[in-house]
Amino acid sequence: MSFRIVGLLFICLSFFTGLGLAYLTVNEAVTVNKDDSLYQKIESEKSNYEWEAEDAKIDSVWKKTPGIVGRTVDVEASYKKMKKEGNYDPKLLVYKLVRPKVSLEDLPASPIYRGHPEKQMVSLLINVSWGEEYIPDMVEILNKHQVKATFFIDGAFANDFTHLVQMIEEEGHTLGSHGYKHKDMAQMSKQEARNNLEQANDLLFALTKEEIKYFAPPSGSFNTGTVEVADEMGMETILWTVDTIDWKKPTKDVLISRVMNKIHNGATILMHPTQVTVDSLPVLIEKIKAKEYKISSLPKLLSEER
């Protein structure tokens with residue numbers, strides 16, 4: 001083949017690629033034969049590998065619950081890949097993701113207790129209105145184990161310990177609001193709750209320049225108006241399903257047992273900056289991972305991804 005012809009071919013390929021038209025690969029050039037036993041095998045087996053998408057919903061017990069993506073088998077694309085290899089292999093199946101029709105954002109105001117029950121992931125929720133002396137060690141342990149947590153910071157704490165709040169954010173952890181001065185939100189009117197949350201959010205925004213998306217009511221105490229105000233301010237109200245009760249100063253073994261006896265898919269694990277939490281955290285993380293749970297920040301736990 002002359003250099004002139006080669007040059008023309010290169011120009012043509014460049015032209016079609018520039019138009020966004022990828023030229024055929026060997027895989028794409030395979031002719032689909034639906035009568036082929038390989039095609040029929042994929043068709044008959046596909047249901048074993050497909051997942052139904054599930055919409056976000058308001059559960060009667062667990063309240064606002066995120067949805068989760070589904071997937072279907074792309075039979076023709078799977079056939080082309082397997083035909084090229086010459087045999088049926090489930091590892092070569094090609095999938096299409098199916099998004100839920102209803103997301104968390106579509107639901108009315110309601111608290112969130114957990115992630116999706118099919119999601120093998122948990123999240124550490126750290127409520128902070130005291131215990132500043134323990135936070136550097138907790139952050140160091142989390143970083144060492146490559147774990148991201150969600151810290152719910154009291155506005156008054158943020159005002160007094162700005163360097164700790166900024167350190168937490170700089171290390172890639174998620175920041176949420178714990179209200180202002182650890183007040184009982186259940187005893188507040190909607191306007192009082194709004195004033196409290198705005199005061200906390202203003203302080204946190206001043207430090208991070210990030211909008212706060214999550215709110216953990218102090219002591220888990222709230223009323224309907226609390227949740228509605230948080231929703232109107234663009235925040236989800238977050239509770240928990242597993243409690244370390246670390247503020248009562250249990251032994252390390254008791255704290256770890258409390259968590260490991262109740263851990264489950266989508267669990268939210270509540271803790272505080274205490275000495276026993278610092279002492280327990282390395283072993284707790286290892287035990288959770290040994291159970292094959294991923295530990296991720298709240299946004300990932302609540303996402304629709306599996």
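Just so we're aligned, residue 1 is where the sequence shown starts under full-length UniProt numbering, counting upward by one. Here a beta-carbon is modelled for each residue, glycine too, at the ideal position from N, C-alpha and C.
The C-beta distance from residue 252 to residue 229 rounds to 38 Å, too long to meet the 8 Å contact threshold. Taken in chain order, the unbroken stretches of beta strand (DSSP E) that lie wholly in the stretch 101 to 160 and span 3 residues or more are 121 to 128 and 150 to 153. Annotated three-state conformation of residue 62 is coil, per DSSP. Within the same chain, 94, 95 and 96 come within 7 Å of residue 74 by CB-CB distance, once the 5 residues on both sides are set aside. Listed in chain order, the beta strand (DSSP E) runs fully inside the stretch 145 to 229 are 150 to 153 and 174 to 177, counting runs of at least 3 residues. Residue burial annotation: residue 34 is exposed, with fewer than 16 other C-beta atoms found within 10 angstroms of its C-beta.
Scanning 288, 303, 148 and 213 for the CA closest to the CA of residue 178 turns up 213. Three or more pairs of CB atoms, one per stretch, sit closer than 8 Å, so the stretch 63 to 83 contacts the stretch 96 to 109.
When rounded, the separation of the alpha-carbon atoms in residue 154 and residue 131 is 12 Å. Just measuring C-alpha positions, the residue of 293, 62 and 92 sitting nearest residue 76 is 92. The continuous beta strand (DSSP E) containing residue 95 extends over residues 95 to 98. Here the alpha carbons of residue 273 and residue 136 stand approximately 10 Å from one another. Counting of Cβ neighbours within 10 angstroms places residue 65 among the buried residues, the total reaching 16 or more. Counting along the chain, residue 270 sits inside the beta strand (DSSP E) bounded by residues 268 to 271. Judged by beta-carbon spacing, residue 111 lies within the 7 Å limit of residue 239, meaning their Cβ atoms are closer than that value. Contact annotation: residue 193 and residue 225 have beta-carbon atoms nearer than 7 Å. Rounded to whole angstroms, the gap between the alpha carbons of residue 223 and residue 232 is 15 Å. Between the C-alpha atoms of residue 265 and residue 84 there is a straight-line separation of about 38 Å.
The beta carbon of residue 161 sits closer than 7 Å to the beta carbons of 132 from its chain, once the five residues preceding and following it are set aside; these are given in chain order.
The beta carbons of residue 107 and residue 56 sit closer together than 7 Å.
Burial state of residue 236 is buried, judged by a 10 Å Cβ sphere holding 16 or more other Cβ atoms. The three-state reading of DSSP puts residue 68 in strand, counting E and B together. Look at residue 237 here: in three-state DSSP terms it is strand. Residue environment analysis places residue 127 among the buried positions, since at least 16 neighbouring C-beta atoms fall within 10 angstroms of its C-beta. Taken atom to atom, the span from the alpha-carbon of residue 149 to that of residue 267 is near 13 Å. Between the beta-carbon of residue 113 and that of residue 41 there is about 43 Å, and that puts the pair past the 8 Å contact cut.
Secondary structure of residue 243 (DSSP, three-state): strand.
Inter-residue distance for residue 103 and residue 300 is about 14 Å (C-alpha atoms, whole angstroms). Within the model, the alpha-carbon separation for residue 255 versus residue 280 is close to 7 Å. Using a 10 angstroms sphere on the CB of residue 86, the tally of other CB atoms stays under 16, which defines it as exposed.
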